[in-house]
Amino acid sequence: WALSSISLLCLASIFSEDLRPGDLGVFASIFAVGWLIGFFTAFAPNGIGIREGMFVLAFMSLGIPVADGVFIAMLSRLAIVAADVGCAG
């Protein structure tokens, strides 16, 4: 989760100049809550769409525009899937 939180912060910092490394705790919380809600949603395999929706809502509270939040969430999902595939094969 630590690496995923760091990657989420790095992705978000591309779109928001106000973010700094000290925000890692906030992004770790965002990732953990999004992951947990996605994990416990029975109708969404691997929390697809649920986790990203939680990310976008959290990003909006940080002042990141919705379109940028959606893009960050999609990039995050792609990075996680790529890491899963890379570790599996």
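31 is the number that the numbering used here gives to position 25 of the sequence shown; each next residue is one higher, with no gaps.
Just so it is clear, CB atoms sit at the ideal spot from N, CA and C, and this is done for glycine as well.
This one's a predicted model, so the numbers in the text were calculated from it and none came from an experiment.
Range covered by the alpha helix (DSSP H) that runs through residue i
i	result
I36	30-45
L14	8-21
L84	72-94
F61	56-67
Burial state of residue i, where buried means 16 or more other Cβ atoms lie within 10 Å
i	result
I54	exposed
I78	buried
F49	exposed
G40	buried
S35	exposed
L84	exposed
Closer than 8 Å to chain D by CB, residue i
i	result
F65	Of the protein chains in this structure there is only one, and it is not chain D.
Whole-number beta carbon distance between residue j and residue i, since they are thought to touch under 8 Å
i	j	result
S22	G59	Not confirmed; about 19 Å, so no contact.
S11	F46	Not a contact, Cβ separation roughly 19 Å.
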